[in-house]
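A.B. asks: Let me begin by handing over the structure; questions about it come next.
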Amino acid sequence: MDSNSNSKSNFNVAHIKLCTQTEGPFKRCCIWFQGCDLKCPGCCNEFLQALVPNHIMSLESLLEVIAKAKEDFDIEGITLSGGEPILQKGLPLLLEHVQTMGLGIILFSGRSMASISPEIVSRVDLLIDGPFIQEKLDTERVLLGSTNKGLHFITERYKAQEGYFHNHIAIEEITLGTDYLFINGD
Ligand code: SF4
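Residue numbers (my numbering): 2 to 187.
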């Protein structure tokens, strides 16, 4: 199985951070999916490009994890990154459930907004789109990587937080597990 052949109820997950403050405004649960077919040179998550199974999680278990993050950390929303989240066939269903939980949704995609299905775009509050282009390194905005990447406020939910991406001081979070070290942020 590769991450393109997953069913609508299974997700190929690389990593989950229950609560982070470096993947968008407010406290967020961040999910990194495994697999990306764009292969941008200079990709900061190169190890997430391979289209191979990583942690295969059902929709129900993913929702349980998000609910736990809400209960334990009072997260404001989720951030979906990768890898390429839109390769997950069940993404619209996941987004629909997360919306009913009252959580905000930020989606990072290497695709352009125009090429992403409306059933995904319409369920997201903030879409950050476009591939990473090494020659267009963004030294002003945080988290976005390159200047070609767009910030699309699909709803008003994060409009007032636009400054986060322009004025925020870039920070990294380090998670030390028993057999791994995970660094996220900018
Ligand atoms: S779209 Fe993102 S994850 Fe995919 S190769 Fe480009 S930078 Fe890496």
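Note that the Cβ used here is the ideal one computed from N, Cα and C, for glycine as well.
#1: Give me the Cα-Cα distance between F133 and S110, rounded to the nearest whole angstrom.
#2: If distances are taken between C-alpha atoms only, which option among L81, L128, R142, T176 comes closest to E157?
#3: When DSSP labels each residue in this structure, what does E24 get in the three-state scheme?
#4: Examine the Cβ distances between the region 63-76 and the region 43-50 and report whether three or more of them are shorter than 8 Å.
#5: Go ahead and pull the three-state DSSP assignment for F34.
#6: Can you tell me whether M58 is helix, strand or coil according to DSSP?
#7: Look up D3 in the DSSP assignment and say whether it is helix, strand or coil.
#8: Counting only the same chain and skipping the five closest in sequence on each side, list residues whose C-beta sits under 7 Å from that of V122.
#9: Does the distance from the C-beta atom of D187 to that of Y159 stay below 8 Å?
#10: Kindly examine ligand 1 and report whether one of its heavy atoms sits closer than 7 Å to the Cβ of P86.
#11: If you count every other CB in all the chains shown that lies within 10 Å of the CB of G43, and 16 or more means buried, which is it?
#12: For K18, tell me which candidate among L92, G151, N55, I76 has the shortest Cα-Cα distance.
#13: State buried or exposed for A15, treating a residue as buried only when at least 16 other CB atoms are found within 10 Å of its CB.
C.D. replies: With the structure as the only source:
#1: 10 Å
#2: L128
#3: coil
#4: no
#5: strand
#6: strand
#7: Residue confidence for D3 is low, a pLDDT of 43 falling below 50, so the modelled location carries little weight and cannot support an answer.
#8: M114, L128, I155
#9: no
#10: no
#11: exposed
#12: I76
#13: buried
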